[in-house]
Ligand code: ARG
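Structure representation (structure tokens):
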């Protein structure tokens with residue numbers, strides 16, 4: 009736990025940023041007095057709605073691994089700090105899914121639950137993402153998403169049972185303070201998915217591939233001005249390569265490149281036919297085509313890199329440094345075609361920000 013002095017120093021830093029950037033610097037002294045009093049009395053302080061909102065936006069702006077940061081200032085922030093039963097948390101998560109999905113025109117959204125207070129976590133979401141596919145080890149090999157095997161076992165232990173298809177939606181697992189975790193099924197009508205087809209290769213459909221529309225990361229903590237929010241699920245929209253070059257392609261994930269190669273008719277016995285590269289490109293074409301056709305927001309990696317360039321320019325114009333993690337910012341397909349590849353980024357960690365935290369299972 010941090011000392012009151014340290015908390016106050018982090019709070020001051022944030023308040024300066026939050027009010028200065030919005031030309032509200034006159035309010036700083038009074039607000040800091042208030043916060044100081046609160047910290048001395050209780051050991052924590054409470055963000056105003058505006059601070060919470062701006063803090064979450066800046067946390068996105070500071071996310072070194074994210075190529076999509078141009079849109080940081082349009083993040084929609086939902087204040088769910090008062091949700092204090094598992095049912096209420098579950099309802100807020102459903103509302104997040106519905107709002108963010110928005111019928112396919114995705115809205116970058118964050119729902120912020122109660123902060124840690126005096127070392128105690130009030131709310132924790134066990135899922136890595138609000139919507140994700142289960143993974144099972146069966147006698148016939150792995151079924152579903154291998155990345156979910158451990159969490160799927162955890163859900164099974166809690167009493168959940170999936171149908172063991174390749175694309176079972178995992179339940180939401182919510183934990184309140186020191187209580188046992190509780191699981192809830194995600195209502196089927198809230199889950200938007202896109203079947204993957206290819207604009208030229210009809211047989212692509214036979215692979216029976218699909219992916220969900222909205223990536224909602226739910227296991228990271230949000231830190232604003234020294235206050236920790238352990239449950240603050242957030243989403244943007246997908247960059248095609250996340251699905252086409254990683255989730256469906258990685259050997260440790262759905263591992264579909266050989267199947268795709270067969271369908272597009274490339275020889276897979278020699279590396280030098282570049283069958284993996286050809287399969288990757290066509291799989292990524294298919295992902296982008298399918299999402300667009302279904303009216304679901306997605307961005308290709310070339311456009312995302314251009315947008316990131318605009319972000320860098322906008323930040324520079326504001327006199328701010330852009331920090332970044334090059335290894336994450338470069339796309340996994342044709343990285344050297346983007347400006348990002350040819351530049352260096354300082355991977356300094358600035359707050360507000362999102363951080364990994366330890367699993368509860
Ligand atoms: N890479 C993760 C996935 O494929 C999602 C991470 C967040 N992505 C995003 N576009 N906001 O599910």
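Residue numbers (this note's numbering): 9 to 369. Glycine included, every Cβ here is placed at the ideal spot set by N, Cα and C. Every value quoted in this text rests on a predicted model; they were computed, and no experiment measured them.
Among the residues of its own chain, which have a CB less than 7 angstroms from the CB of residue 195, if the five just before and after it don't count?
-> Stepping through the chain shown from its first residue, residue 195 is reached at position 187. Taken in chain order, the residues that qualify are 102.
Quick check: the segment 127-140 against the segment 304-323, are there 3 or more CB pairs under 8 angstroms?
-> The segment 127-140 is not in contact with the segment 304-323.
Is residue 298 closer than 7 angstroms to residue 201 when the C-beta atoms are compared?
-> What you label residue 201 is simply residue 193 of the chain shown in a count that begins at 1. What you label residue 298 is simply residue 290 of the chain shown in a count that begins at 1. Using a Cβ distance threshold of 7 angstroms, residue 201 and residue 298 do not count as a contacting pair.
Could you tell me whether the segment 352-363 touches the segment 146-162, using the rule of 3 or more Cβ pairs below 8 angstroms?
-> With fewer than three CB-CB distances shorter than 8 angstroms, the segment 352-363 does not count as touching the segment 146-162.
Within its chain, find whatever has a CB closer than 7 angstroms to the CB of residue 398; leave out the 5 residues flanking it on each side and keep chain order.
-> An answer regarding residue 398 cannot be provided, because it is not within the stretch 9 to 369 covered by the chain.
Which of helix, strand or coil does DSSP assign to residue 315?
-> What you label residue 315 is simply residue 307 of the chain shown in a count that begins at 1. In this structure, residue 315 counts as helix in the three-state DSSP scheme.
Residues bridged to residue 57 [DSSP beta-bridge criterion] = Here residue 57 corresponds to residue number 49 of the chain shown, with the count starting at 1. Answer by DSSP bridge pairing: none, since residue 57 is not bridged.
Does any heavy atom of the ligand ARG sit closer than 6 angstroms to the C-beta of residue 413?
-> A question about residue 413 goes unanswered here, because the residues of the chain that appear run from 9 up to 369.
Got a sec: does the ligand ARG put a non-hydrogen atom nearer than 6 angstroms to the Cβ of residue 110?
-> Within the chain shown, the letter at position 102 stands for residue 110. It does not: the Cβ of residue 110 is nowhere closer than 6 angstroms to a heavy atom of the ligand ARG.
Could you give the DSSP three-state label for residue 357: helix, strand or coil?
-> Taking the chain shown and counting its residues from 1, one reaches residue 357 at position 349. Of the three classes helix, strand and coil, the one that applies to residue 357 here is coil, per DSSP.
Nearest-angstrom Cα distance between residue 42 and residue 16?
-> As a position in the chain shown, residue 42 is number 34, starting the count at 1. As a position in the chain shown, residue 16 is number 8, starting the count at 1. Looking at the two C-alpha atoms, the distance is approximately 11 angstroms.
Beta-carbon proximity of residue 199 to residue 139, cut-off 7 angstroms = Against the chain shown, residue 199 aligns to sequence position 191. Against the chain shown, residue 139 aligns to sequence position 131. Yes. Within cutoff.
Using three-state DSSP, classify residue 132 as helix, strand or coil.
-> Residue mapping note: residue 132 aligns to position 124 of the chain shown, counting from 1. Per DSSP, reduced to three states, the secondary structure at residue 132 is strand.
Have a look at 84, 82, 81 and 100 and flag the residue whose alpha-carbon is nearest the alpha-carbon of residue 90.
-> For this step, residue 90 is matched to residue 82 along the chain shown. The option with the nearest alpha carbon to residue 90 is 100.
Among 62, 52 and 56, which one has its Cα closest to the Cα of residue 26?
-> Taking the first residue of the chain shown as 1, we reach residue 26 at position 18. Per the C-alpha coordinates, the member of 62, 52 and 56 positioned closest to residue 26 is 62.
Same chain only: Cβ atoms within 6 angstroms of residue 70, ignoring 5 sequence neighbours per side | Sequence index remark: in the chain shown, residue 70 carries index 62 (1-based). Cβ within range, chain order: 358 and 361.
Going straight from the alpha carbon of residue 178 to that of residue 234, what length do you get?
-> Residue 178 sits at position 170 when you count from the first residue of the chain shown. Residue 234 sits at position 226 when you count from the first residue of the chain shown. If I take the Cα positions, the gap works out to 32 angstroms.
Just the C-alpha distance for residue 44 and residue 92, rounded to the nearest angstrom, thanks.
-> The sequence position of residue 44 within the chain shown is 36, counting from 1. The sequence position of residue 92 within the chain shown is 84, counting from 1. In this structure, the straight-line span from the alpha carbon of residue 44 to that of residue 92 is close to 26 angstroms.
Contact belief for residue 119 with residue 37 at Cβ below 8 angstroms, rounded distance in angstroms | For the purposes of this step, residue 119 is taken as residue 111 along the chain shown, with counting starting at 1. For the purposes of this step, residue 37 is taken as residue 29 along the chain shown, with counting starting at 1. With a Cβ gap of about 32 angstroms, residue 119 and residue 37 do not count as contacting.
Between the Cα of residue 312 and the Cα atoms of 261, 293, 253 and 348, which residue gives the shortest distance?
-> Taking the first residue of the chain shown as 1, we reach residue 312 at position 304. Checking every option, the nearest Cα to that of residue 312 belongs to 348.
Any chance the CB of residue 332 is under 6 angstroms from a heavy atom of the ligand ZN?
-> Of the ligands one can find in the structure shown, namely the ligand ARG, none is the ligand ZN.
Please work out which residues of its chain come closer than 7 angstroms, Cβ to Cβ, to residue 231, disregarding the five sequence neighbours upstream and downstream, and give them in chain order.
-> Stepping through the chain shown from its first residue, residue 231 is reached at position 223. Within the same chain, 359, 360, 361 and 363 come within 7 angstroms of residue 231 by CB-CB distance, once the 5 residues on both sides are set aside.
Tell me the start and end of each unbroken alpha helix (DSSP H) in the segment 34-86 that is at least 4 residues and wholly inside, in chain order.
-> Taken in chain order, the whole alpha helix (DSSP H) runs of length 4 or more contained in the segment 34-86 are 36-50 and 57-69.
Leaving out five residues on either side along the sequence, give the residues of the same chain with a beta carbon under 8 angstroms from the beta carbon of residue 86.
-> As a working mapping, residue 86 is identified with position 78 in the chain shown. Apart from the 5 residues on each side of it in sequence, residue 86 sits with its Cβ closer than 8 angstroms to the Cβ of 100, 103, 104, 107, 117, 118, 119 and 120 in its chain, given in chain order.
Taking the runs of the alpha helix (DSSP H) that are 4 residues or longer, which of them lie wholly in the segment 230-275?
-> DSSP runs (the alpha helix (DSSP H)) wholly in the segment 230-275: 265-272.
Would DSSP call residue 362 helix, strand or coil?
-> Taking the first residue of the chain shown as position 1, residue 362 is located at position 354. Residue 362: strand per DSSP, three-state reduction.
From residue 84 to residue 115, what distance separates their C-alpha atoms?
-> Position 76 of the chain shown, counted from the start, is the residue given in the question as residue 84. Position 107 of the chain shown, counted from the start, is the residue given in the question as residue 115. The straight-line gap from Cα to Cα measures roughly 7 angstroms.
Rounded C-alpha distance that separates residue 68 from residue 146 | Start at 1 with the first residue of the chain shown, and residue 68 comes out as number 60. Start at 1 with the first residue of the chain shown, and residue 146 comes out as number 138. Cα atoms of residue 68 and residue 146: separation of roughly 39 angstroms, rounded to the nearest angstrom.
Can you list, in chain order, the residues of its chain whose CB lies under 8 angstroms from that of residue 250, leaving out five sequence neighbours each side?
-> Indexing the chain shown from 1 puts residue 250 at position 242. Here the set comprises 223.
Confirm the yes/no value for this check: CB of residue 220, any heavy atom of the ligand ARG, distance under 6 angstroms.
-> Translated into positions along the chain shown, residue 220 becomes position 212. No, since every heavy atom of the ligand ARG falls outside the 6 angstroms radius drawn around the Cβ of residue 220.
For residue 334 versus residue 353, is the C-beta spacing smaller than 7 angstroms?
-> Working through the chain shown from its first residue, we reach residue 334 at position 326. Working through the chain shown from its first residue, we reach residue 353 at position 345. Result yes, Cβ atoms of residue 334 and residue 353 sit closer than 7 angstroms.
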